[in-house]
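**Student:** Counting in my numbering, the sequence shown runs without a single skipped number right up to 156 at its last residue.
First, the structure itself, so that you have it in front of you.
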Amino acid sequence: MDGLRGVTTRAGHLGGFPLTATTERALGRTTVALALDGAPGTDVRIPAAELRDADPVGLITRLEGRLQRLEERKATARADTERDRSEITHAREALGQPFPHATQLAEARQRAREIDEQLQHMAEAQRGAEQAGPESAHQPSSRDLEREAGQ
Numbered sequence: 006m007d008g009l010r011g012v013t014t015r016a017g018h019l020g021g022f023p024l025t026a027t028t029e030r031a032l033g034r035t036t037v038a039l040a041l042d043g044a045p046g047t048d049v050r051i052p053a054a055e056l057r058d059a060d061p062v063g064l065i066t067r068l069e070g071r072l073q074r075l076e077e078r079k080a081t082a083r084a085d086t087e088r089d090r091s092e093i094t095h096a097r098e099a100l101g102q103p104f105p106h107a108t109q110l111a112e113a114r115q116r117a118r119e120i121d122e123q124l125q126h127m128a129e130a131q132r133g134a135e136q137a138g139p140e141s142a143h144q145p146s147s148r149d150l151e152r153e154a155g156q
């Protein structure tokens with residue numbers, strides 16, 4: 006490779022795509038990547054040392070499999086794009102519109118404020134009882150109240 010990190014050559018055509026072979030050297034290892042030029046995700050990487058023993062038919066079969074999956078990836082990408090466009094249209098239509106659950110949200114917020122106030126009053130009453138002393142801190146239980154009522 007004469008000091009180069011990578012060399013790409015055209016190796017032919019497959020499925021209407023140019024087939025490229027890129028020899029790369031990094032970290033002391035040399036690999037060969039066969040890819041269909043212009044088709045993402047189609048490369049097959051092989052350590053250069055294993056290239057002599059590689060089955061040519063197997064390599065072509067692997068590349069053909071990647072080529073066939075391109076149609077699936079294309080269909081998925083188109084469906085995703087259509088779904089995204091629909092979501093964008095829906096979002097644009099919703100801009101400036103009132104929140105559909107605004108009434109329920111306001112009611113829930115009001116109820117949360119009421120609960121917070123009740124908890125605050127309970128905490129203040131508890132603090133007041135603790136400051137007044139242990140005798141006044143004792144709150145009668147329902148049994149105590151029943152006994153008093155029965156007497």
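Where is the CB? At the ideal position from N, CA and C, for every residue including glycine.
In this text the structure is predicted, and so the values were computed from the model without any measurement.
Specify, as a first and last residue, the run of the beta strand (DSSP E) that arginine 30 falls within.
**Tutor:** 22-31
**Student:** Mind checking whether glutamate 29 and alanine 40 have CB atoms under 8 Å apart?
**Tutor:** Against a cut-off of 8 Å, the Cβ pair of alanine 40 and glutamate 29 comes out as no contact.
**Student:** Among Gly33, Gly20, Thr66, which one has its Cα closest to the Cα of alanine 53?
**Tutor:** Gly33
**Student:** Give the straight-line distance between the Cα atoms of alanine 137 and alanine 96, rounded to the nearest whole angstrom.
**Tutor:** Approximately 59 Å between the Cα atoms of the pair.
**Student:** Helix, strand or coil for arginine 50, going by three-state DSSP, please let me know.
**Tutor:** strand
**Student:** My guess is that threonine 25 and glycine 11 are in contact by the Cβ rule of under 8 Å, so how many angstroms apart are they, rounded?
**Tutor:** 11 Å between Cβ atoms; not a contact.
**Student:** Just tell me which of Asp48, Gly20, Gly21 has its CA closest to the CA of threonine 13.
**Tutor:** Asp48
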